[in-house]
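Accompanying notes for the structure given below.
Numbering (my numbering), first residue to last: 59 to 317.
As structure tokens, then:
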């Protein structure tokens with residue numbers, strides 16, 4: 059299903075997007091050496107409830123997971139990159155943490171992810187991974203607009219990731235979003251320009267470039283959810299929800315206050 063939102067729905071999408079961004083920023087500021095992933099999950103649950111919103115994850119039960127997910131945020135550390143199931147783990151100095159959050163409010167969902175390094179140690183390879191995904195995300199957003207094709211976005215993202223020297227996994231990527239978290243069209247992180255669905259104003263997309271340092275192969279953790287790099291290398295993931303407008307694309311998942 060592909061949804062095209064009307065102006066009233068788009069207004070509600072902006073509220074949801076800002077909520078997601080503000081929760082992620084709050085969590086980033088709270089995450090220090092020693093923070094437990096289960097505490098991050100509890101903080102997220104509280105903030106969602108206080109906002110009168112709903113989690114898109116807690117009852118999420120797709121075919122590829124061992125569901126339901128049962129938690130409120132994805133917490134992926136170091137070699138974990140997607141669907142990181144919160145566990146009893148205390149963050150260490152230099153850990154690369156990805157937080158991925160999707161929330162439903164006012165009947166519209168928004169989805170975003172950030173990767174950052176915890177503590178004072180800043181491994182160069184981790185900085186490079188994060189930078190590549192953030193630059194790829196900016197490129198994908200710049201390629202989006204009315205009349206553009208999904209392939210234009212995929213090509214823009216993939217060009218940045220490939221130029222940075224990373225292999226690209228196409229099992230998981232971006233997606234349409236609206237009244238539910240995951241919708242068509244699928245947005246692969248590499249592709250051919252001029253191909254695929256033609257973008258229209260009112261379409262929401264969650265764009266999410268992610269990479270692993272030295273492989274494109276994923277393995278599933280024993281928890282049945284967390285996806286890790288097959289070689290144990292580090293990973294990074296950046297995501298925004300955008301709305302296609304009459305003259306381009308608007309990022310909905312930007313925080314409303316300074317960090």
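Ideal Cβ placement from N, Cα and C applies to all residues, glycine included.
Sequence-distant Cβ neighbours of residue 243 in its own chain, meaning closer than 7 angstroms and more than five residues away, are 60, 208, 234, 254 and 255.
Using a 10 angstroms sphere on the CB of residue 173, the tally of other CB atoms reaches 16 or more, which defines it as buried.
Secondary structure of residue 289 (DSSP, three-state): coil. Taking 7 angstroms as the cut-off, the Cβ atoms of residue 75 and residue 310 count as close. In the structure shown, the three-state DSSP call for residue 175 is strand. Between residue 178 and residue 144, the gap from beta carbon to beta carbon reaches 7 angstroms or more. Per DSSP, residue 123 is not a residue of any alpha helix (DSSP H), being assigned neither H nor E. A distance below 7 angstroms separates the beta carbons of residue 154 and residue 292.
Residue 84 holds the alpha-carbon nearest to the alpha-carbon of residue 313 among 240, 84 and 196. Looking at the backbone, the Cα of residue 206 and that of residue 65 are separated by about 21 angstroms. C-alpha of residue 135 to C-alpha of residue 249: approximately 28 angstroms in a straight line.
Looking at the backbone, the Cα of residue 104 and that of residue 160 are separated by about 14 angstroms.
Distance between residue 175 and residue 184, taken at the CA atoms: about 8 angstroms. Distance from the CA of residue 274 to the CA of residue 295, rounded to the nearest whole angstrom, comes to 14 angstroms. The criterion of a C-beta distance shorter than 7 angstroms is not satisfied by residue 188 and residue 198. The straight-line gap separating the alpha-carbon atoms of residue 80 and residue 165 is approximately 19 angstroms. Here residue 267 is buried, its C-beta having at least 16 other C-beta atoms within 10 Å. Residue 241 is bridged by DSSP to 234. Excluding the 5 residues flanking it on each side, residue 112 has same chain C-beta neighbours closer than 6 angstroms at 162, in chain order. Collapsing the DSSP output to three states places residue 84 in a helix. Annotated as proximal: residue 168 and residue 299, with beta-carbon spacing under 7 angstroms. Of 260, 204, 247 and 82, the smallest CA-CA separation from residue 196 is found for 247.
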